[in-house]
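Below is one structure, written out as structure tokens; the observations come after it.
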Amino acid sequence: MTRILHRQIHATLPVASGGKGIELFDSDGRAYIDASGGAAVSCLGHGHRDLIAALHAQADKLAYAHTSFFTNEPAETLAEMLIAGAPQGMSHAYFVSGGSEAVEAALKMARQFFVETGRPERRNVIARRQSYHGNTLGALAAGGNEWRRAQFRPLLIETHHIDPCYAYRYREAGESEEAYGLRAAKALEDKILELGSDTVMAFVAEPVVGATAGAVPAVPGYFRRIREVCDRYGVLLILDEVMCGMGRTGTLHACEQDGVVPDLMTIAKGLGGGYQPIGAVLLSGRIFDAFAEGSGFFQHGHTYMCHPMACAAALAVQEVIDRDRLLDNVKAMGAHLARRLSERFSHHAHVGDIRGRGLFMGLELVEDRSSKEPFDPSRKLHARIKREAMARGLLVYPAGGTIDGARGDHVLLAPPFIIDRAAIDTIVERLGDAVDAAVA
Ligand code: PMP
Numbered sequence: 001m002t003r004i005l006h007r008q009i010h011a012t013l014p015v016a017s018g019g020k021g022i023e024l025f026d027s028d029g030r031a032y033i034d035a036s037g038g039a040a041v042s043c044l045g046h047g048h049r050d051l052i053a054a055l056h057a058q059a060d061k062l063a064y065a066h067t068s069f070f071t072n073e074p075a076e077t078l079a080e081m082l083i084a085g086a087p088q089g090m091s092h093a094y095f096v097s098g099g100s101e102a103v104e105a106a107l108k109m110a111r112q113f114f115v116e117t118g119r120p121e122r123r124n125v126i127a128r129r130q131s132y133h134g135n136t137l138g139a140l141a142a143g144g145n146e147w148r149r150a151q152f153r154p155l156l157i158e159t160h161h162i163d164p165c166y167a168y169r170y171r172e173a174g175e176s177e178e179a180y181g182l183r184a185a186k187a188l189e190d191k192i193l194e195l196g197s198d199t200v201m202a203f204v205a206e207p208v209v210g211a212t213a214g215a216v217p218a219v220p221g222y223f224r225r226i227r228e229v230c231d232r233y234g235v236l237l238i239l240d241e242v243m244c245g246m247g248r249t250g251t252l253h254a255c256e257q258d259g260v261v262p263d264l265m266t267i268a269k270g271l272g273g274g275y276q277p278i279g280a281v282l283l284s285g286r287i288f289d290a291f292a293e294g295s296g297f298f299q300h301g302h303t304y305m306c307h308p309m310a311c312a313a314a315l316a317v318q319e320v321i322d323r324d325r326l327l328d329n330v331k332a333m334g335a336h337l338a339r340r341l342s343e344r345f346s347h348h349a350h351v352g353d354i355r356g357r358g359l360f361m362g363l364e365l366v367e368d369r370s371s372k373e374p375f376d377p378s379r380k381l382h383a384r385i386k387r388e389a390m391a392r393g394l395l396v397y398p399a400g401g402t403i404d405g406a407r408g409d410h411v412l413l414a415p416p417f418i419i420d421r422a423a424i425d426t427i428v429e430r431l432g433d434a435v436d437a438a439v440a
């Protein structure tokens, strides 16, 4: 009997007992290809020798030192590295233990920025309906997944939601991508004007929506217009790259492909590749300066900030990605994965959309392709696909999001950056069999 409160109380989970490269093993000796990196975490796969060595070396030197007394070397070096690779204008990094903590910190930075600069009336957060930003109360308030929010709503800070940029569901027949992108971005302007522009603090969005929607990128031009709208009304742009960032889409940051620079960016997951829990906020010089010239501190903090082991792991992950030119592999293997998915699923009766960027790809399952009608939520199709995939030695991330009030089913693929063609072919073959078995 387990003494852990698991997510699914009645499910019996296999015991993960080891991992090597792209595979995880359970205690019964079964092997699974980790085609989702957990939840887009394990970007270097499992049991990577360089990571094991880096963790040993850091544990030998220093495991922990509280940030009210000390800074530490791995944290300083990691911050230098992240800022060197960050979009122009970002000047500092703030290290926490995961994605939700990063989002909480970013929201509080936005708020403190306006307090420091004499505009305390700016308090409203705008986010998008189909989005996930974490499960702590601030991050949950920002997220748009009603299923996750419903019972906690009385505890959530008020957040205002607009429609996402989601071409498969919201682009009208005959509307160009460009026109749709401008229309979708106008929803932000309308909401800012409705709330009163001097009350709005920040707009939060995932450049490629992950956990609620299975890798939905915005159409070209959408985020550039979003940036213009934020600038016009003095609203801070927070891009949540916890899932889609750190190389997952083929560039270090997903927003590079959208041609925008945020004021605040959250990263996690692939930052430490699962070797340690770590997340971060990257902030622009403008926000740092407001703190530096104002109160002289950011009023926030956690016990495990700048954790030396976590920062050493993240540093080693990023060094391996750089040394082994893994972003080139993400691009090449991402193109191969997209091709294979298209061959296998573009005529599938129950796959309505195949989308994504780099090694971050999603399928949307529909009951009916022409009407795009989702499956009845009571079928829990995404959970069935996960089970059928595991029975075939494959791990894929099942997502259920809120689409037009109904829950849709999605599959998210986020394999390790070290993946090769043969493994991708096996993933798509097993996934095809799993989807066929689940919809039967
Ligand atoms: N933001 C995004 C975009 C995410 O995908 C997630 C996790 N799925 C989070 C925030 C929360 O991260 P964590 O689970 O590490 O708290």
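So in UniProt numbering, spot 290 of the sequence shown is number 290, and the numbers just go up one at a time. Think of the CB as a built atom: it goes at the ideal place given N, C-alpha and C, for glycine as much as any other residue.
Problem - For Phe-152, the three-state DSSP class (helix, strand or coil) - result: Look at Phe-152 here: in three-state DSSP terms it is helix.
Practice task
Keeping to the same chain, check which residues put their C-beta closer than 6 Å to that of Leu-252; ignore five residues upstream and five downstream.
Solution key: Leaving aside the five residues that flank Leu-252 on each side, the residues in its chain whose CB is nearer than 6 Å to its CB run, in chain order, Gly-85.
Practice task
Return helix, strand or coil for Tyr-304, following the three-state DSSP convention.
Solution key: coil
Problem - Where Ile-418 falls: helix, strand or coil (DSSP) - result: coil
Handout entry: Closer than 7 Å: Val-351 CB and nearest ligand 1 heavy atom
Key = No, Cβ of Val-351 sits at least 7 Å from all heavy atoms of ligand 1.
Handout entry: Any non-hydrogen atom of ligand 1 within 7 Å of Tyr-64 CB
Key = no
Practice task
Assign Ile-4 to buried or exposed, taking buried as 16 or more other Cβ atoms, counted over all protein chains shown, within 10 Å of its Cβ.
Solution key: exposed
Exercise for the section: Per DSSP, which residues does Gly-400 bridge with? Please list them. Expected result: Paired residues: Asp-409.
Handout entry: Span of the alpha helix (DSSP H) around Glu-206
Key = From DSSP, Glu-206 is part of no alpha helix (DSSP H); its letter is neither H nor E.
Exercise for the section: Have a look at Glu-256 and Asn-72 and give me their C-alpha separation to the nearest angstrom. Expected result: 30 Å
Handout entry: Burial state of Ser-42 (16 or more Cβ within 10 Å)
Key = buried
Practice task
Mind checking who Ile-83 pairs with in its DSSP beta bridge?
Solution key: BP columns for Ile-83 are empty, so no partner.
Practice task
Could you say if the region 262-275 and the region 311-318 meet the contact criterion of at least three C-beta pairs nearer than 8 Å?
Solution key: Between the region 262-275 and the region 311-318, the count of Cβ pairs shorter than 8 Å is three or higher; the stretches touch.
Exercise for the section: Report all residues from its chain with a CB closer than 7 Å to the CB of Pro-120; omit the five preceding and five following residues, and keep chain order. Expected result: Phe-114
Problem - Local conformation of Ile-33 per DSSP, three classes - result: strand
Exercise for the section: Determine the extent of the alpha helix (DSSP H) in which Val-229 is found, giving its start and end residues. Expected result: 222-233
Practice task
Flag His-302 as yes when its Cβ comes closer than 7 Å to any non-hydrogen atom of ligand 1, and as no otherwise.
Solution key: no
Exercise for the section: Output the distance between the C-alpha atoms of His-307 and Pro-74, rounded to the nearest integer angstrom. Expected result: 9 Å
Practice task
Run the proximity test for Tyr-94: is its beta-carbon closer than 7 Å to any non-hydrogen atom belonging to ligand 1?
Solution key: No, ligand 1 has no heavy atom inside 7 Å of this Cβ.
Exercise for the section: Counting only runs of 3+ residues fully inside the region 312-387, write out the beta strand (DSSP E) ranges in chain order. Expected result: Counting only runs of at least 3 residues, the region 312-387 fully encloses the following beta strand (DSSP E) elements, listed from N- to C-terminal order: 351-357, 360-365.
Exercise for the section: Per DSSP, which residues does Val-41 bridge with? Please list them. Expected result: Its beta-bridge partners do not exist; DSSP assigns none.
Exercise for the section: Would you mind working out which of Val-200, Leu-431, Asp-376, Val-260 sits nearest Gly-234, comparing C-alpha positions? Expected result: Val-200
Practice task
Determine, using beta-carbon pairs with one atom in the region 222-240 and one in the region 11-30, whether at least three such pairs fall under 8 Å.
Solution key: no
Problem - Secondary structure of Val-428, DSSP reduced to three states - result: DSSP places Val-428 in helix when its eight states are reduced to three.
Practice task
Assess, as a yes-or-no matter, whether the region 236-243 is touched by the region 4-24 under the definition of 3 or more beta carbon pairs within less than 8 Å.
Solution key: no
Problem - Contact belief for Gly-408 with Glu-364 at Cβ below 8 Å, rounded distance in angstroms - result: 6 Å
Practice task
Over the uninterrupted alpha helix (DSSP H) stretch that includes Phe-25, give me the two end residues.
Solution key: Per DSSP, Phe-25 belongs to no alpha helix (DSSP H); it is in the beta strand (DSSP E), 23-26.
Exercise for the section: Run the CB neighbour count on Tyr-222, radius 10 Å, all protein chains shown included, and call it buried at 16 or more, exposed below. Expected result: Answer is buried; the Cβ neighbour count reaches 16.
Practice task
Indicate the three-state DSSP secondary structure (helix, strand or coil) for Phe-291 in the structure shown.
Solution key: helix
Exercise for the section: Could you tell me which residues DSSP puts in a beta bridge with Asp-240? Expected result: DSSP, once it has assigned bridges, lists Thr-266 as partnering Asp-240.
Practice task
Give me the Cα-Cα distance between Val-430 and Ala-389, rounded to the nearest whole angstrom.
Solution key: The displayed chain sequence assigns Arg, not Val, to residue 430. The C-alpha of Ala-389 is placed about 7 Å away from the C-alpha of Arg-430.
Practice task
Answer with buried or exposed for Gly-45, where buried requires no fewer than 16 other C-beta atoms within 10 angstroms of its C-beta.
Solution key: With 16 or more other CB atoms across the displayed protein chains lying within 10 angstroms of its CB, Gly-45 is buried.
Problem - Inter-residue Cα distance where the pair is Met-361 and Gly-181 - result: Near 21 Å, if we compare the C-alpha coordinates of Gly-181 and Met-361.
Problem - Of the listed residues Asn-135, Ser-176, Arg-340, Gly-89, nearest to Ile-427 (C-alpha basis) - result: Arg-340
Practice task
State the CB to CB distance for the pair Ile-162 and Leu-188, rounded to an integer number of angstroms; the pair is presumed to be in contact (CB under 8 Å).
Solution key: 6 Å
Practice task
To the nearest angstrom, report how far apart Val-281 and Gln-151 are at their CA atoms.
Solution key: 28 Å
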